[in-house]
Amino acid sequence: MSTSTSTKLATAITIEIKYSDLIKRQPTINIGTIGSVSHGKTTVVRQISGVRTQRYQEEIDSNRTIYLGYGNAKIYICPNTGYTVVQGSDDPIPTHPTTNKELICYRHISFVDCPGHKAYMATMISGTAIMDYALLLIAANQEVPQKQTVEHLAAIKNTPVKDIVILQNKLDLVTKEEAFANLKQIQDFIEGSPAQNATIIPISAQFGSNINYVYSYIMNNMEQPSRNYNLDPIMCIVRSFKNNHPNTSYDKLQGGVVGGSIIQGTFAVGDYVELRPGFVLKNGTKTICYPLLSKIESLYSEKTALDIAVPGGLIGVGLQLDGSFTQGGTLIGQMIGHVGKLPSVYISIKIEYTREGSSNNLHKPKAGEKILVAINSKIQGGVITSREKNIMEIQLDDPVCLDPSTNVVILRKVVDLNQYCISYKGKLTPDCKPHPDVFPTDMPTYQNLIQINQKRFIKIIDDLPKLTYMKPMELDYIGQLSNIKLKDGQVNQTLQLPSINSVKHNRKTIVSNFIDCCRQFDSQVETFLQNANSSMLQFASEINDLVDVEQHLLQFLKKELTNDMSIDTSHQLIIDGSYDKTVITNVVKRYCLQNKKCSNCGSMMTRLGKRNRKDTIYCMNCRSAITVSS
Numbered sequence: 001m002s003t004s005t006s007t008k009l010a011t012a013i014t015i016e017i018k019y020s021d022l023i024k025r026q027p028t029i030n031i032g033t034i035g036s037v038s039h040g041k042t043t044v045v046r047q048i049s050g051v052r053t054q055r056y057q058e059e060i061d062s063n064r065t066i067y068l069g070y071g072n073a074k075i076y077i078c079p080n081t082g083y084t085v086v087q088g089s090d091d092p093i094p095t096h097p098t099t100n101k102e103l104i105c106y107r108h109i110s111f112v113d114c115p116g117h118k119a120y121m122a123t124m125i126s127g128t129a130i131m132d133y134a135l136l137l138i139a140a141n142q143e144v145p146q147k148q149t150v151e152h153l154a155a156i157k158n159t160p161v162k163d164i165v166i167l168q169n170k171l172d173l174v175t176k177e178e179a180f181a182n183l184k185q186i187q188d189f190i191e192g193s194p195a196q197n198a199t200i201i202p203i204s205a206q207f208g209s210n211i212n213y214v215y216s217y218i219m220n221n222m223e224q225p226s227r228n229y230n231l232d233p234i235m236c237i238v239r240s241f242k243n244n245h246p247n248t249s250y251d252k253l254q255g256g257v258v259g260g261s262i263i264q265g266t267f268a269v270g271d272y273v274e275l276r277p278g279f280v281l282k283n284g285t286k287t288i289c290y291p292l293l294s295k296i297e298s299l300y301s302e303k304t305a306l307d308i309a310v311p312g313g314l315i316g317v318g319l320q321l322d323g324s325f326t327q328g329g330t331l332i333g334q335m336i337g338h339v340g341k342l343p344s345v346y347i348s349i350k351i352e353y354t355r356e357g358s359s360n361n362l363h364k365p366k367a368g369e370k371i372l373v374a375i376n377s378k379i380q381g382g383v384i385t386s387r388e389k390n391i392m393e394i395q396l397d398d399p400v401c402l403d404p405s406t407n408v409v410i411l412r413k414v415v416d417l418n419q420y421c422i423s424y425k426g427k428l429t430p431d432c433k434p435h436p437d438v439f440p441t442d443m444p445t446y447q448n449l450i451q452i453n454q455k456r457f458i459k460i461i462d463d464l465p466k467l468t469y470m471k472p473m474e475l476d477y478i479g480q481l482s483n484i485k486l487k488d489g490q491v492n493q494t495l496q497l498p499s500i501n502s503v504k505h506n507r508k509t510i511v512s513n514f515i516d517c518c519r520q521f522d523s524q525v526e527t528f529l530q531n532a533n534s535s536m537l538q539f540a541s542e543i544n545d546l547v548d549v550e551q552h553l554l555q556f557l558k559k560e561l562t563n564d565m566s567i568d569t570s571h572q573l574i575i576d577g578s579y580d581k582t583v584i585t586n587v588v589k590r591y592c593l594q595n596k597k598c599s600n601c602g603s604m605m606t607r608l609g610k611r612n613r614k615d616t617i618y619c620m621n622c623r624s625a626i627t628v629s630s
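The C-terminal position of the sequence shown is numbered 630 in the working numbering, with every residue numbered one higher than the one before it.
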């Protein structure tokens, strides 16, 4: 990008924005969902916002969150009656069921869904930098604490998170006695931790039980964070990509796109920005950084175009920058801000640290030890070059743009666990020196761009009605628990295996009731659905492309028994070879475990269908859709 060195300097302006207009267009509060793998974080976000945060194909196939997911929701309220509705940010404005008047949007929230699996701990750590509040999910059907629960709670220590709410989930899978035993484990676990005074709300995310208490707590207890919109804007990049597909005409080419959450200040269309460290050139032992300079062409919150973007939610930034710089996430971990206003770049850091996490059996760090370092939204390798008392120097694999106030998280390898765990947190020492090879900050063009961005003074006008009946909620655990259908009050969801009728004749095995066995699978599910609620019935009706169980089980038997077989005109199964009834029964059991049992909740009340040409188990109990492992 070239810019004249005689560009006219911009003048300062004051912009007044009504809060009611602001929250119509983008979220202003970030709430993180944290906790161990498969404890229900993504399901809670889906229940509140209607958004499935697992967007990438690898996430959908594995039913596992890998990247930071964002789901936005608006909370609407009738100021006169307190009637409240929560729905996705793109849904139409709801009306009061009696007066038919439009409700007022009172909160616009972005849920930052963090992965719970140990392999994606760095992604979770990066999400804590932008959280205002956190929902800690703990499954009631597992021992407390799980390893990743400890790690996640350690990760949010000394972060901007102002309040933590614990959601005791999956109570539909335990008895009342087990629920209270799990509650006692949670209370013992959080004692002395950042969540010591956290409110505990019992829920069943799959069934939506007590989700209304969650958003009521958000509405009444989680206030709009105080922001300074007039600081120099900074955003940490968590996504970067290009919009141009192969064979796109040259006159339709678009600039690259980066996405992230604004940490401070505001961005506007037309701003000149800098990305640091930018383009990194490694020449032998020398690393040179060339900051990328560009202009903001567009700003988006989900599908809503913005003129000005403030902190809150995932903001997409369209740039006047060649897409080759942004494609494939190449800029993840970099910082974007006004030209000349970003923090310094470092490749060697010196930090003052404290011990964190649960891995207390580690030896003291020593020079030459290879570690992982989580900074901004990226994790990278590093080597400890020296350590004295609580001061550590680290040579990073790649340069980073780092604010001295930002937490640096150190992960060390625990041999017994064969994984990297959070071990230390620290911040730069005052004598830490920036990387010297950052160009071209002294060029005339660069110096001009520092001056031409228009200085904005943002004034947010709180024009929402004051609701006198809104006050911090005090929740009744026992009363809320009674709203959930616990395991000891549920219909049996195990599958009664069909009895195999087989005879051996002329070196063949004939299963005379094969068609009845296949029909029994579906008939048990139909019986279960007779007592199902409306959401289950709707889920069942929306399943397309159901698998023919008779043919599917036939192919499974062929693979397992490694023999030819067929179905005759009487729907009897004819198998080449002599097999005892117990052998066939055991194969059918394996079929059920692989193709009928829900890996999410353990229920056998499922149907088998196709999604993206892959076998998928649709669970009537928890309404999940899980791809069958091949």
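Ideal Cβ positions, reconstructed from N, Cα and C, are used throughout, including at glycine. Note that the structure is a prediction, hence the values are computed from the model and not measured.
Is it buried or exposed, Ser-240, if we count other Cβ atoms within 10 angstroms and call 16 or more buried?
So Ser-240 counts as buried.
Can you tell me the Cα-Cα spacing of Lys-24 and Leu-314, whole angstroms?
Whole-angstrom Cα-Cα distance: 15 Å.
Cα-Cα separation, Lys-559 to His-552
11 Å
For Gly-35, write down the residues that DSSP places opposite it in a beta bridge.
Leu-137
Put Ser-209 into one of helix, strand or coil per three-state DSSP.
Ser-209 falls in the strand class under three-state DSSP.
Span of the alpha helix (DSSP H), counted from its first residue to its last, around Ser-110:
From DSSP, Ser-110 is part of no alpha helix (DSSP H) but of the beta strand (DSSP E) over 104-113.
Based on the DSSP output, what are the partners of Thr-287 in its beta bridges?
Lys-282
Cβ pair Gln-327, Pro-277 closer than 8 Å
no
Tyr-579 - DSSP class collapsed to helix/strand/coil
coil
Using the Cα positions of Ile-478 and Asn-141, report the straight-line distance between them to the nearest angstrom.
Counting only the Cα atoms, Asn-141 lies some 18 Å from Ile-478.
Tyr-346 to Arg-227, Cα distance in whole Å?
28 Å
Classify Met-605: buried if its beta carbon has 16 or more other beta carbons within 10 angstroms, exposed otherwise.
Flag for Met-605 reads buried.
For Ser-444, which three-state DSSP category applies?
Position check: residue 444 holds Pro in this sequence, whereas Ser was assumed. The answer is helix: DSSP assigns Pro-444 an H, G or I state.
Answer with buried or exposed for Thr-582, where buried requires no fewer than 16 other C-beta atoms within 10 angstroms of its C-beta.
exposed
Give the straight-line distance between the Cα atoms of Tyr-446 and Pro-194, rounded to the nearest whole angstrom.
44 Å
Please specify which runs of the alpha helix (DSSP H), each continuous and at least 4 residues long, are wholly inside the segment 235-283, giving them in chain order.
As far as the segment 235-283 is concerned, it has no whole alpha helix (DSSP H) run of at least 4 residues.
Can you name, in chain order, every residue of its own chain whose Cβ lies under 6 Å from the Cβ of Gln-57, other than the five neighbours on each side?
Any reading at Gln-57 needs caution, since the residue's pLDDT is 44, under 50, leaving its predicted position unreliable; the model's value is listed next. Answer for Gln-57: no residue qualifies.
Identify every run of the alpha helix (DSSP H) within the segment 493-538, keeping only runs that are complete inside it and at least 4 residues long; order them along the chain.
List check, alpha helix (DSSP H) in window: 514-529.
Apart from the five residues on each side of it in sequence, which residues of its chain come closer than 6 Å, Cβ to Cβ, to Leu-135?
Result list for Leu-135: Thr-33, Val-165, Leu-167, in chain order.
Status (buried if at least 16 other CB within 10 Å, exposed otherwise) for Lys-389
exposed
Is DSSP giving Thr-14 helix, strand or coil here?
strand
Is the CB-CB distance between Leu-402 and Gly-382 below 8 Å?
no
Ile-48 by DSSP, collapsed to three states: which one?
helix
Output the residue ranges of the beta strand (DSSP E) runs that lie fully inside the segment 143-183 and measure 3 residues or longer, sorted by chain position.
164-169
Give me the Cβ distance between Ile-500 and Cys-518, rounded to the nearest whole Å; I'm assuming they're in contact under 8 Å.
With 8 Å as the limit, Ile-500 and Cys-518 do not qualify as a contact, their Cβ atoms being about 12 Å apart.
At what residue ranges does the segment 338-422 contain a whole run of the beta strand (DSSP E), taking only runs of 3 or more?
345-355, 370-375, 378-388, 391-401, 408-414
Nearest-angstrom Cβ-Cβ length linking Val-269 and Ile-296, presumed shorter than 8 Å:
6 Å
Quick check: what's the CA-CA separation for Val-525 versus Val-549?
13 Å
With distances taken from CA atoms, which of Ala-139, Gly-259, Arg-107, Gln-148 is nearest Asp-172?
Ala-139
Can you name, in chain order, every residue of its own chain whose Cβ lies under 8 Å from the Cβ of Lys-425, other than the five neighbours on each side?
Lys-157, Asn-158, Tyr-353, Thr-354, Glu-356, Asn-407, Val-408, Val-409, Ile-410
Glu-102 classed as buried or exposed, judged by whether at least 16 other C-beta atoms fall within 10 angstroms
By the beta-carbon neighbour count (other beta carbons within 10 angstroms, threshold 16), Glu-102 is exposed.
Less than 8 Å between the CB atoms is what I'm expecting for Ile-332 and Val-273, so what's the real figure, rounded?
Between Val-273 and Ile-332 the Cβ distance is about 17 Å, and since that is not below 8 Å, they are no contact.
Are there 16 or more other CB atoms within 10 angstroms of the CB of Asp-113, so buried, or fewer, so exposed?
buried
Simplified DSSP state of Cys-622, which is helix, strand or coil
coil
Just to confirm the assignment, what range does the beta strand (DSSP E) spanning Lys-610 have?
Annotation for Lys-610: the continuous beta strand (DSSP E) segment containing it runs 606-611.
Where does Ser-599 fall in DSSP's three states?
coil
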